[in-house]
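Asker: Quick one: structure below, then a few questions.
Numbering (my numbering), first residue to last: 30 to 139.
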């Protein structure tokens, strides 16, 4: 018997399915939140938070909830992956989560 697993990416704000959905995290009052958004809705979130971000101060990186999709500390940074992707003719957003397909291609190339 064969089994097929299908992953459906859904924007948490609109409920619409899209392959462009990326996971974003933010924190407020010590509570970490994770939301899946297409880039247009991420831009809306970023614009809404921009005045508070510019008026605030960074206090370090939030602790992992154990569900993080980030690479291990030993892995490449998002910026390194983006640079590699652009140099190898992959299309990639300037911000947001780096797609797993880019990470996999990077690992195969190494």
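Backbone N, C-alpha and C fix where the C-beta goes; we use that ideal spot for every residue, glycine too.
Sort out for me which residues DSSP pairs residue 121 with in a bridge.
Answerer: Position 92 of the chain shown, counted from the start, is the residue given in the question as residue 121. Partner(s): none; residue 121 has no beta bridge.
Asker: Measuring straight from C-alpha to C-alpha, what distance separates residue 96 and residue 30?
Answerer: As a first step, residue 96 must be located in the chain shown, where it is residue number 67. As a first step, residue 30 must be located in the chain shown, where it is residue number 1. Note on residue 96: pLDDT 46, under 50, position unreliable in the model; the coordinate value appears next. Cα-Cα distance, rounded: 30 Å.
Asker: Going by beta carbon distance, what residues of the same chain come within less than 6 Å of residue 114, once the five residues before and after it are set aside?
Answerer: Counted from its first residue, the chain shown places residue 114 at position 85. Here the set comprises 121, 131.
Asker: If you run the structure through DSSP and keep just helix, strand and coil, what is residue 133?
Answerer: Here residue 133 corresponds to residue number 104 of the chain shown, with the count starting at 1. Looking at residue 133 - three-state DSSP - the assignment turns out to be helix.
Asker: Residue 48: which of 57, 59, 66 sits nearest, CA to CA?
Answerer: Stepping through the chain shown from its first residue, residue 48 is reached at position 19. Nearest option by C-alpha distance: 66.
Asker: Is residue 36 helix, strand or coil when you go by DSSP?
Answerer: The residue given as residue 36 occupies position 7 in the chain shown. If DSSP states are grouped into helix, strand and coil, residue 36 belongs with coil.
Asker: Rounded to whole angstroms, what's the CA-CA distance from residue 101 to residue 107? Just pull it up for me.
Answerer: For this step, residue 101 is matched to residue 72 along the chain shown. For this step, residue 107 is matched to residue 78 along the chain shown. Only weak support is given to the placement of residue 101: the predicted model assigns it a pLDDT of 47, under 50, and the question is left unresolved by the model.
Asker: Do you know offhand how far residue 61's Cα is from residue 127's?
Answerer: As a first step, residue 61 is located in the chain shown; it is residue number 32 there, counting from the start. As a first step, residue 127 is located in the chain shown; it is residue number 98 there, counting from the start. Answer to the nearest angstrom: the Cα atoms are 20 Å apart.
Asker: Count the other CB atoms, across all protein chains shown, that sit within 10 Å of the CB of residue 37; report buried if there are 16 or more and exposed otherwise.
Answerer: Residue mapping note: residue 37 aligns to position 8 of the chain shown, counting from 1. Exposed, since its Cβ has fewer than 16 Cβ neighbours within 10 Å.
Asker: Classify residue 49 as helix, strand or coil using the three-state DSSP reduction.
Answerer: As a first step, residue 49 is located in the chain shown; it is residue number 20 there, counting from the start. DSSP places residue 49 in coil when its eight states are reduced to three.
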